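Q: Numbering (our numbering), first residue to last: 4 to 279. All C-beta atoms in this analysis are idealised placements derived from N, C-alpha and C, irrespective of residue type, glycine included. Being a predicted model, the structure only gives us computed values, none of them experimental. My questions all concern the structure below.
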Amino acid sequence: MSETNLKPGQNLAHLLPPSWKSDVQRWFAEDTPSFDWAGFVVGEDEQEAILWGKSGGVLAGVPFFDQVFEQVNCTVQWLIPEGSVLPADSKTKVAVVRGKARQLLLGERVALNTLARCSGIATVSRRFRDLAKEKSWKGVVAGTRKTTPGFRLVEKYGMMVGGVDPHRHDLSSMVMLKDNHIWASGEMDPTMKLTVARLHYVRRRDFDEADEAVAAGANIVMLDNLVGDSLHDAAKRLKTKWAGKKEFLIETSGGIVENSLANRVGPRKCQASYYS
4 MSETNLKPGQ NLAHLLPPSW KSDVQRWFAE DTPSFDWAGF VVGEDEQEAI
54 LWGKSGGVLA GVPFFDQVFE QVNCTVQWLI PEGSVLPADS KTKVAVVRGK
104 ARQLLLGERV ALNTLARCSG IATVSRRFRD LAKEKSWKGV VAGTRKTTPG
154 FRLVEKYGMM VGGVDPHRHD LSSMVMLKDN HIWASGEMDP TMKLTVARLH
204 YVRRRDFDEA DEAVAAGANI VMLDNLVGDS LHDAAKRLKT KWAGKKEFLI
254 ETSGGIVENS LANRVGPRKC QASYYS
């Protein structure tokens, strides 16, 4: 896991899986499940639509916007590259879309909603990343699995454009034992300890629980909903106790907003490697 650093010529759209275009088809099926009467009335005249940026933020979601209009036989000309920061104090001409009037209107709302959502996530992601850098924190700012059902790919993409790690994508990747899994089992019994040793990623609520996870073989311990001194002290105690004995990383997560970022990564030296 690391921040997304693109080299010249690299394009995040190349990371998208072969199945991603079917998401766009589902969006159209939801928005136009039957007859498009308004489009029928508008007709087939060739028209040009301008995409304006009216508020500040990071532009993200270009491949999804493109695919929406490609599926209705329109073309998009981008005037500003993805990842650019749009100014907050003026309107910015971002793109030009060309096609038949009814096709432009058919794709308009789907494309705008997707672009706005993705750009919003990229903007917040960029702010979190920049705040962490201002505190000279060397760890990784990452997303979570708490995404909108059916829209995860777009939201994870927005995180990457914003410069943070997309992190855990689903239950089948980067398998993590949460506190609910352990509570359901009643305790950290031998079977659970064996699971921890093999899965390596465990979410815990305090020092004692985290210490138990490290002893069982976890190599990533998430300290969930700990802030301020509680977070720093638990992380420091873990690192001190297991120094030279076990290698593991600490992640901090839960209840995180912009105002609490400084409380997680500074002004004291933070022992956590991941902030999600």
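Would you decide whether Pro169 is buried or exposed? Buried here means 16 or more other CB atoms lie within 10 Å of its CB.
A: Within 10 angstroms of the beta-carbon of Pro169 lie 16 or more other beta-carbons, which makes it buried.
Q: Starting from the Cα of Ser58, find the closest Cα among Val157, Thr95, Val230, Ser263 and give me that residue.
A: Comparing Cα-Cα distances from Ser58 to each of Val157, Thr95, Val230, Ser263, the minimum goes to Thr95.
Q: Note down the Cα distance separating Val143 from Val113, rounded to an integer number of angstroms.
A: 33 Å
Q: As an exercise, report each continuous alpha helix (DSSP H) stretch of at least 4 residues that is fully enclosed by the segment 110 to 167, in chain order.
A: 155 to 165
Q: What does DSSP give as the partner residue(s) for Asp227 in the beta ladder?
A: Ser256
Q: Going straight from the alpha carbon of Glu85 to that of Gln106, what length do you get?
A: 24 Å
Q: Could you give the first and the last residue of the continuous alpha helix (DSSP H) run that contains Ala289?
A: Nothing can be reported for residue 289: it is not among the residues displayed for the chain, which extend from 4 to 279.
Q: Rounding to the nearest angstrom, what Cα-Cα distance links Val127 and Pro20 in this structure?
A: 24 Å
Q: Check whether the segment 131 to 140 touches the segment 31 to 50, counting contact only when three or more Cβ pairs, one atom from each stretch, lie closer than 8 Å.
A: Note that the segment 131 to 140 does not touch the segment 31 to 50; fewer than 3 beta-carbon pairs, one per stretch, sit closer than 8 Å.
Q: Nearest to Phe131 by CA position, among Arg120, Gly247, Ala145, Gln70, is which residue?
A: Per the Cα distances, Ala145.
Q: On the criterion of 16 or more Cβ atoms from any shown chain inside 10 Å, does Ala237 qualify as buried, or is it exposed?
A: buried
Q: Taking the Cβ atom as the reference point for each residue, do Asp48 and Ala104 lie within a distance shorter than 7 Å?
A: yes
Q: First and last residue of the alpha helix (DSSP H) that includes Gly42?
A: 40 to 45
Q: Output the boundary residues of the alpha helix (DSSP H) element that contains Val97.
A: That residue, Val97, is in no alpha helix (DSSP H); its beta strand (DSSP E) goes 95 to 103.
Q: Could you check the C-alpha separation between Asp227 and Gly64 for me, to the nearest Å?
A: 31 Å
Q: Could you please give the first and the last residue of the uninterrupted alpha helix (DSSP H) stretch that includes Glu73?
A: 65 to 73
Q: Count the other C-beta atoms from every protein chain shown that fall within 10 angstroms of the C-beta of Gly165, then say buried if there are 16 or more, exposed otherwise.
A: By the neighbour-count rule (16 or more Cβ atoms within 10 Å), Gly165 is buried.
Q: Take the Cβ of Glu250 as the centre, count every other Cβ of all protein chains shown within 10 Å, and call the residue buried at 16 or more, exposed below.
A: exposed
Q: For Ser5, name the three-state secondary structure that DSSP assigns.
A: Model confidence at Ser5 stands at a pLDDT of 41, short of 50, so the residue's coordinates are unreliable; what they give is reported in the following sentence. Three-state result, Ser5: coil.
Q: Quick check: what's the CA-CA separation for Glu261 versus Ala221?
A: Here the alpha carbon of Glu261 sits roughly 29 Å from the alpha carbon of Ala221.
Q: Do Gln74 and Val27 have their C-beta atoms within less than 7 Å of each other?
A: Contact flag set, yes.
Q: Beta-carbon separation of Thr150 and Glu158 under 7 Å?
A: yes
Q: Start and end of the beta strand (DSSP E) containing Glu49?
A: 49 to 56
Q: Consult DSSP for Thr78 and reduce its assignment to one of helix, strand or coil.
A: Three-state result, Thr78: strand.
Q: Is it buried or exposed for Val97, if we count other Cβ within 10 angstroms and need 16 for buried?
A: buried
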